[in-house]
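One structure is given below, encoded as structure tokens.
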Amino acid sequence: MKTLELLPAIDIKNGKSVRLKQAGLDSAEQYGSPTEVLAEFIAKGAKWVHLVDLDSAFNTGSNVDLIKDLIDKSSINIQLSGGIVDESSLNQALATKAVRINISTAALQNIDWLVRVINSYKDRLTIGLDINNGVLIARGSGEVIGDPFEYIKVLDKAGCTRYVVTDNSKDGELNGPNLDLLDKVSRSTKSLIIASGGVSKLSDLDNLRQMGLDGVIVGKALYVGAIDIGLAIKTCYE
Numbered sequence: 005m006k007t008l009e010l011l012p013a014i015d016i017k018n019g020k021s022v023r024l025k026q027a028g029l030d031s032a033e034q035y036g037s038p039t040e041v042l043a044e045f046i047a048k049g050a051k052w053v054h055l056v057d058l059d060s061a062f063n064t065g066s067n068v069d070l071i072k073d074l075i076d077k078s079s080i081n082i083q084l085s086g087g088i089v090d091e092s093s094l095n096q097a098l099a100t101k102a103v104r105i106n107i108s109t110a111a112l113q114n115i116d117w118l119v120r121v122i123n124s125y126k127d128r129l130t131i132g133l134d135i136n137n138g139v140l141i142a143r144g145s146g147e148v149i150g151d152p153f154e155y156i157k158v159l160d161k162a163g164c165t166r167y168v169v170t171d172n173s174k175d176g177e178l179n180g181p182n183l184d185l186l187d188k189v190s191r192s193t194k195s196l197i198i199a200s201g202g203v204s205k206l207s208d209l210d211n212l213r214q215m216g217l218d219g220v221i222v223g224k225a226l227y228v229g230a231i232d233i234g235l236a237i238k239t240c241y242e
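For the sequence shown, the numbering used here gives the first residue as 5, with consecutive numbering after it.
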């Protein structure tokens, strides 16, 4: 069976590692130092980390220096996300040693620019698809973007190789991923899919792996002890 890339999440707000519920900044729960969290994930065998600047995503500031330092010192692969929506933020992200850059759903509002940068940077980029009730919603602003499947057609044609698909209503809720949504998206594209949101137990990882997805982002379940990262790694790779 194809392996499922496990990406433990580190969301950073005001220099601290936090977790959100349903992508709302006012629900942030603190979990300490991002440096210590990253070191713990590495020590327990993680191969990737999904690193998010929440302040950039919600236009409440920036953790750029901390994030650059984390990436520079990391011995594993980093997928960088949060507020990457235009030329300036993308160039800043590309200047780091992050292996992959996840462009925010909000960037879909400038689809001509997005098509151009996909063509330029292809395999280094993933495109975030934040979805609520079947509609793309820009994280941070809450602005409605539109039908995800119409955008997927355009992005596929541009050469997008990988999507991060998040059901915002599942994010931080520990009530299971939206398998129906993930199935619909995976059937609509030949690009790789990284699932995000709702993972709460090892059987969720089993289900996602059986779907043949490329990866999964796991956040709160690791922080509250619902999933042991060592067992998660075995479930995803062995």
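Cβ atoms here follow ideal geometry from the backbone N, Cα and C, with glycine treated the same way.
Ranking E154, I149, D218, N137 by CA distance to the CA of M5 puts D218 first. In the DSSP secondary-structure assignment, G219 is bridged to E9, I198. Of the candidates V158, A162, G132, L11, G132 places its Cα closest to the Cα of G87.
For I14, the closest alpha carbon among the candidates L112, K157, A43 is that of A43. The straight-line gap separating the alpha-carbon atoms of Y167 and N67 is approximately 24 Å. In the DSSP assignment, N211 falls within the alpha helix (DSSP H) that extends over 206–214. When secondary structure is reduced to three states using DSSP, A32 falls in the strand class.
In the displayed model, G87 falls within coil according to three-state DSSP, outside both helix and strand. S192 places its beta carbon less than 8 Å from that of I156. Annotated as distal: W52 and Q96, with beta-carbon spacing of 8 Å or more. Per the coordinates, the alpha-carbon of S93 lies some 19 Å from the alpha-carbon of D134. Annotation: R143 to K77 spans about 28 Å, alpha carbon to alpha carbon.
G229 sits exposed, since fewer than 16 C-beta atoms from the chains shown fall within 10 Å of its C-beta. Separation of G138 and V121 (C-alpha to C-alpha, rounded to the nearest whole angstrom) is 26 Å. Counting along the chain, the unbroken alpha helix (DSSP H) around T239 starts and ends at 233–241.
Where D171 is concerned, there is no enclosing alpha helix (DSSP H), although the beta strand (DSSP E) around it starts and stops at 166–171.
D171 counts as buried, since at least 16 other C-beta atoms from the protein chains shown sit within 10 angstroms of its C-beta.
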